[in-house]
Amino acid sequence: MTTVLILFTIIGFLGAFDTLYHHEFKERLSWRPEVKGELKIHALRNVFYSIIFLSLGWMQWEGVFAWIFLTILLAEVVVTFTDFALESKVRKVPAPEIMLHTLLGIVYGVTLALLIPIVLAWTSQSSGFTFVDYGLLSWVMTAYALAVLVFAFRDYFRALEIDNFRQVYSMRLKERKQKVLVTGGTGFIGSKLVQALIEDGHEVTVLTRNFISACEKFSKHITLVESLEGLDKHFDIVLNLAGEKINQRWTKESKLSIMQSRLETTQAVVDYIKGVEVKPKLFISASGTGIYEASLTEEFNELSATATESFTAEVCRVWEAKALEAQEFGVRVVPLRTGLVLATDGGVLSEMLTAFDLCLGNKLGHGKQMMPWIEMHDMLGVIEHSINHESVVGVFNATAPHPVSNEVFSKALAKGMGRPILFPTPVFMIELLFGKEMTRELLLEGRAVLPQKIQEQGYEFKFKTIEEAMNNLFRKEK
């Protein structure tokens, strides 16, 4: 039995890694309504595992009870195969997760080959339970049993409420059946924008390097192109959202990729506009609030000076300058300096969910750094307003009217999720993950950015305060 318990110790460790890293951190399954069925399967399997772990650690099931235990082992195998079949239908399972599942299957198969003869021997004894003690291994099994039972309850109740997190995004453009080109259309903001435009009846073309990903995200009512070079097609509106994600560890290579991915795509759009006979009416291009100086007290609007010595400011500055070149061809250009866009299925908020869900989230550093944010519905609303109103020209801030400190943001997030804040987040751990430069510029520094111009143009925010945004995202009191 010692060998069996050692193998179950390995299974428990690999399973914990799979759950925490793949399911919680990478895939964030507990926040995706489309995997509700998978969560229920995980809950059932974890109940079986809790019984198996606790039983093997402290007792022998004998006589008729041994047959019951064999049934539980068999049921766990059936549930696992059902899980494998279901997850392949509802989501694209990453290769590392598939490899880990394969390894778990092999180890579990070997373990069952050793365990089943032992359990069969128990069937010949009088019906009942004999308590045993394997020392440390028994306590390891107990810890595993409690852990998987906690996740069983969490997954089951999350599956019951997960439809409440489903968001519906819509847009309504004044002019019907517009021809729209979107770069970055498979990304966090772009995918929702494209879907909203399709449902509003517009003809959408997406510039993408990944046809498979685009086809998986959207219906057949879009056109996909790999390049704008030589494209002789008229578009009424061009929306430029493409760019390598900036919230990653910064190296020389990654910083170059962050800069080039934005400039190359924007240059391609400008070249396209220059080359076509009938120009688009509007070119909206993404930018960021990192263009302003970091400050704990100062507020910034579109007339404020920009920062001079930061990587994010330089990226935004050259990005905007490149987009504004399209003005030479009579096109209305609107660079949107976007804050932290809030939704549970992507962006910076989704990367915080696991920590806060496990009661490990807290403010970063002193927590006084300001966070310019905007809820996803308002992000699309600002884009819609910019399209519908020709008076929207030039740089605009796409942020909510009430920026908050990181500490206030963290408390609002914890309250929205119904979780306490228990432990501080050590800065050195963040620096280990993301490096000192990225940690300083994006996480420990901030700025209060106000949407002065878009409000002057008449846009009414749906979610003005962080509390309103969190209540909507987590479907708390309305």
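Here this note's numbering is used: the first residue of the sequence shown is 353, the next is one more, and so on.
The beta-carbon is built from N, C-alpha and C at its ideal position, and this holds for glycine as well.
This one's a predicted model, so the numbers in the text were calculated from it and none came from an experiment.
Look up Trp602 in the DSSP assignment and say whether it is helix, strand or coil.
Reduced to three states, the DSSP call for Trp602 is coil.
If Asn599 sits next to Val700, beta carbons under 8 Å apart, how far is it from one beta carbon to the other, in whole angstroms?
Asn599 to Val700, Cβ: 6 Å. Contact.
Helix or strand or just coil, what does DSSP make of Met353?
coil
If Met723 sits next to Leu648, beta carbons under 8 Å apart, how far is it from one beta carbon to the other, in whole angstroms?
That pair is no contact at about 12 Å.
Note down the Cα distance separating Ile636 from Val590, rounded to an integer number of angstroms.
6 Å
My output table needs one value for Tyr624: the three-state DSSP class, helix, strand or coil.
helix
I'd like to check one pair, Gly798 with Ala646: are the Cβ atoms closer than 8 Å?
yes
C-alpha distance - Gly389 paired with Lys569, whole-angstrom precision
20 Å
What does the alpha-carbon distance come out to for the pair Val471 and Phe436?
27 Å
Give me the residue from Ile424, Glu578, Glu666 and Pro687 with the minimum Cα distance to Leu676.
Pro687
Classify Ile773 as helix, strand or coil using the three-state DSSP reduction.
Reduced to three states, the DSSP call for Ile773 is coil.
Helix, strand or coil for Met731 per DSSP?
Looking at Met731 - three-state DSSP - the assignment turns out to be helix.
By Cβ distance, which residues of its chain are closer than 8 Å to Glu736, with the 5 residues on each side in sequence left out?
Taken in chain order, the residues that qualify are Met523, Arg524 and Leu525.
Can you grab the Cα-Cα spacing for the pair Ser609 / Lys597, in whole Å?
9 Å
Sufficient close CB pairs (3 or more, under 8 Å) joining the stretch 468-486 to the stretch 410-419:
yes
Would you mind working out which of Tyr460, Ile404, Thr641 and Glu742 sits nearest Lys633, comparing C-alpha positions?
Glu742
Would you kindly work out how many angstroms separate the C-alpha atoms of Ile574 and Thr557, rounded to a whole number?
6 Å
Reference Asn740, options Thr463, Ala620, Ile806 and Arg510, closest by Cα:
Ile806
Residues sharing a beta bridge with Ile636, DSSP
Leu591 and Val686
Span of the alpha helix (DSSP H) holding Gly389?
Lys388 to Trp410
Does DSSP put Glu555 in a helix, in a strand, or in coil?
strand
Glu513 classed as buried or exposed, judged by whether at least 16 other C-beta atoms fall within 10 angstroms
exposed
So which of Ala678, Glu555, Gly640 and Leu655 has the shortest CA-CA distance to Ser662?
Gly640
Which residues DSSP lists as bridging Met722, in chain order
Per DSSP, Ser757.
Count the CB pairs spanning the stretch 499-517 and the stretch 381-398 that are closer than 8 Å, and state whether there are at least three.
yes
In chain order, which beta strand (DSSP E) runs of at least 3 residues are fully inside the stretch 504-561?
531-535 and 555-559
Am I right that Asp370 and Leu452 are in contact with their C-beta atoms under 8 Å? What's the rounded C-beta distance?
So it is a contact: roughly 5 Å between Cβ atoms.
CA-CA distance, Val356 and Gly768?
43 Å
Just mark Thr791 as buried or exposed, buried being the case when its beta carbon has 16 or more other beta carbons within 10 Å.
buried
Beta-carbon proximity of Ile363 to Thr432, cut-off 8 Å
no
Please classify Asp709 as buried or exposed, where buried requires at least 16 other C-beta atoms within 10 Å of its C-beta.
buried
To the nearest angstrom, report how far apart Gln530 and Arg614 are at their CA atoms.
25 Å
Tell me which same chain residues have a C-beta within less than 7 Å of the C-beta of Phe503, skipping the five on either side of it?
Thr371 and Asn398
Could you check how far apart the C-beta atoms of Ile393 and Thr434 are, in whole angstroms? I think they sit under 8 Å.
Between Thr434 and Ile393 the Cβ distance is about 6 Å, and since that is below 8 Å, they are a contact.
Runs of alpha helix (DSSP H) wholly within the stretch 655-710 (minimum 4 residues, chain order)
663-676 and 699-709
Could you check what DSSP says for Tyr373 in three-state terms: helix, strand or coil?
helix
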